[in-house]
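Per the numbering used here, the sequence shown starts with residue 1228, numbered consecutively.
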Amino acid sequence: AFTTPLSPKTQKISLLQANSNVPFFASDASMMSSAKDNNPTITTRLPLGTLFDSRDYIFCTRTNVRSYEWTRQEAENLWQDLLDFSSEVETGEYELSQIILVPMEWDRTAYGLGARFDIYDGQQRLVTLCLLLASLRDSLDDQEDAVAK
């Protein structure tokens, strides 16, 4: 269980399809549902490409968060779902479900650009998407090398 209280700046990120041209959307701050914790949350909708193609987001996980546990089948299911969605005639926004990122203290002078975020929810999806994107990149690199020879 996550025992650290959520920061007042907790962000819920709903990711959108990577190739969508959807701009940033932000809602007014809302209140957490917990009666004990009245810290506001900020909900922001981001295109997936913005999240991964940016130095604004540096992700980490705490030791109390489970390790990566998705199986090959779960990764293939996510990939197939993305492929099925992208082949629809009228493609709109693809919702990956809520991903919660908690802003952390970060010394930009010492560590560089971007803000550090603890992944509170959505680690399995984010890691799987990174692995899928890396696999696509490597596959394209291999194809380019084969063509160059």
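Glycine residues also receive a C-beta, built at the ideal position from the N, C-alpha and C atoms. As the structure is a computational prediction, the values presented were derived from the model and not from experiment.
Excluding the five sequence neighbours on either side, which residues of its own chain have a C-beta within less than 6 angstroms of the C-beta of residue i, listed in chain order?
i       : result
ALA1245 : Per-residue confidence for ALA1245 stands at a pLDDT of 33, beneath the threshold of 50, marking its modelled position as unreliable; the derived number appears in the next sentence. The residues are LEU1275 and GLY1276.
ASP1348 : ILE1327
TRP1297 : GLN1351 and THR1355
Could you say which of the options lies nearest to residue i if we only look at CA atoms?
i       : options                               : result
ARG1272 : ILE1326, ASP1283, PRO1330 and THR1288 : ILE1326
LEU1360 : GLU1332, LEU1309, GLU1317 and THR1298 : LEU1309
MET1331 : ASP1280, LYS1376 and THR1288          : THR1288
TYR1295 : LEU1353, GLU1320 and SER1314          : LEU1353
LEU1278 : LEU1323, GLU1315, ASP1372 and LYS1376 : LEU1323
Looking at the unbroken alpha helix (DSSP H) that takes in residue i, where does it start and where does it end?
i       : result
ARG1289 : Here ARG1289 belongs to no alpha helix (DSSP H), and DSSP marks it neither H nor E.
ARG1299 : 1299 to 1313
LEU1323 : First-last for LEU1323: undefined, no H or E at that position.
GLY1276 : 1275 to 1279
Can you tell me whether residue i is buried or exposed, with buried defined as 16 or more other CB within 10 angstroms of its CB?
i       : result
VAL1329 : buried
ASP1345 : buried
LEU1363 : exposed
Does the distance between the C-beta of residue i and the nearest non-hydrogen atom of the ligand HEM fall short of 7 angstroms?
i       : result
ILE1285 : With respect to small molecules bound, the structure shown includes none, and the ligand HEM cannot be examined in it.
Using C-beta distances below 7 angstroms, list every residue in its chain close to residue i, excluding the 5 sequence neighbours before and after it, in chain order.
i       : result
ALA1262 : Interpretation of ALA1262 is limited by its pLDDT of 38, a score under 50 that renders its predicted location unreliable; the figure taken from the coordinates is listed afterwards. None.
ARG1343 : ILE1285, CYS1287, MET1331 and TRP1333
ASP1365 : none
ASN1304 : none
I believe residue i touches residue j by the beta-carbon criterion, under 8 angstroms. Please report the beta-carbon distance rounded to the nearest angstrom.
i       : j       : result
LEU1367 : ALA1302 : That pair is no contact at about 19 angstroms.
Determine the extent of the beta strand (DSSP E) in which residue i is found, giving its start and end residues.
i       : result
VAL1345 : Here residue 1345 turns out to be Asp, not Val, going by the sequence shown. Segment 1342 to 1348, the beta strand (DSSP E) holding ASP1345.
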